[in-house]
Amino acid sequence: GENVEQHPSTLSVQEGDSAVIKCTYSDSASNYFPWYKQELGKRPQLIIDIRSNVGEKKDQRIAVTLNKTAKHFSLHITETQPEDSAVYFCAASMRGFQKLVFGTGTRLLVSP
Amino acid sequence: SQTIHQWPATLVQPVGSPLSLECTVEGTSNPNLYWYRQAAGRGLQLLFYSVGIGQISSEVPQNLSASRPQDRQFILSSKKLLLSDSGFYLCAWSPGTSYGYTFGSGTRLTVV
């Protein structure tokens with residue numbers, strides 16, 4: 008079935024540490040993998056995405072890696088800051104790429 | 125530039141009452157449109173999506189329905205609300221397949 012698993016569900020780090028969130032997907036035809044950040048009470052916002060023809064993408068302190076063979080992708084945040092605290096969702100394109108299926112979310116807490 | 129409008133921001137409705145949430149997109153044509161629901165502290169559940177006028181795909185059996193009367197208008201409705209319909213409803217759009225979504229600001233619905 009269409010499924011995206013995300014781990015861990017919660018992650019606590021100290022300011023300045025790195026954080027890694029991992030996702031696996033079920034549809035081998037998936038070709039688009041975005042990551043969203045949702046602050047409390049607000050809408051999810053796209054922070055980075057990657058397509059299946061690319062293995063890694065970076066944007067300042069954020070990077071995403073994709074392993075198509077293993078069907079998993081990861082979000083890496085370096086030098087974490089308290090403002091990085093939020094819920095992060097991964098997603099993968101499904102069903103002819105008309106929709107995204109989201110992971111269950113990771114609550115990241117960065118302590119000063 | 126493209127913008128997405130969703131209203132109302134908050135809504136308190138009694139059980140058994142009807143519901144109508146509206147979402148409109150500006151600055152683009154023929155967008156893909158989506159309705160998601162998010163229960164408190166939970167993930168994003170896809171309810172409906174539409175790739176064109178009059179084309180609605182339903183993901184989860186429920187007492188909700190969706191319509192797309194115009195190219196950039198997406199409406200979520202219910203004839204009789206249940207307590208379990210409470211949640212944060214998010215409309216989203218994308219320019220096509222395999223693109224990230226832009227979410228609206230959301231409607232927080234409380235059924236009492």
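Chains as they are written, first to last, in my numbering: chain A, 8 to 119; chain B, 125 to 236.
Beta carbons are placed, not taken as given, at the ideal position from N, Cα and C, and that holds for glycine.
Across the structure, residue 223 of chain B and residue 65 of chain A are spaced so that their CA atoms are roughly 18 Å apart. For the set B:157, B:214, B:161 and B:236, the Cα lying nearest the Cα of residue 130 of chain B is the one of B:214. Every beta strand (DSSP E) stretch that sits fully inside the region 155 to 198 of chain B and reaches 3 residues is listed by chain position as 156 to 162, 169 to 176, 179 to 182 and 188 to 194.
For residue 53 of chain A, the nearest CB of chain B lies under 7 Å from its own CB, placing it at the interface with that chain. In summary, residue 37 of chain A is buried, with 16 or more beta-carbon neighbours lying within 10 Å of its beta-carbon over all protein chains present.
Around the CB of residue 60 of chain A, fewer than 16 other CB atoms lie within 10 Å, so the residue is classed as exposed. For residue 221 of chain B, there is no enclosing beta strand (DSSP E), as DSSP marks it with neither H nor E. Excluding sequence positions up to five before and after residue 109 of chain A, its CB lies within less than 6 Å of the CB of 96 and 98, all in the same chain and listed in chain order. Counting only Cβ-Cβ distances below 7 Å, residue 156 of chain B has contacts in chain A at 105, in chain order. Within the model, the alpha-carbon separation for residue 176 of chain B versus residue 118 of chain A is close to 45 Å. Listed along the chain, the chain A residues whose CB falls inside 9 Å of the CB of residue 170 of chain B are 106, 107, 108 and 109.
The beta carbon of residue 15 of chain A does not come within 7 Å of any beta carbon belonging to chain B, so the residue lies off that interface.
Of the residues B:163, B:218 and B:211, the one whose Cα lies closest to the Cα of residue 153 of chain B is B:218. Taking a contact to require three or more Cβ pairs closer than 8 Å, the region 199 to 216 of chain B and the region 142 to 149 of chain B qualify as touching. In terms of Cβ geometry, residue 112 of chain A and residue 167 of chain B form a close pair [threshold 7 Å].
Of the candidates B:125, B:232 and B:136, the residue whose Cα lies closest to the Cα of residue 150 of chain B is B:125.
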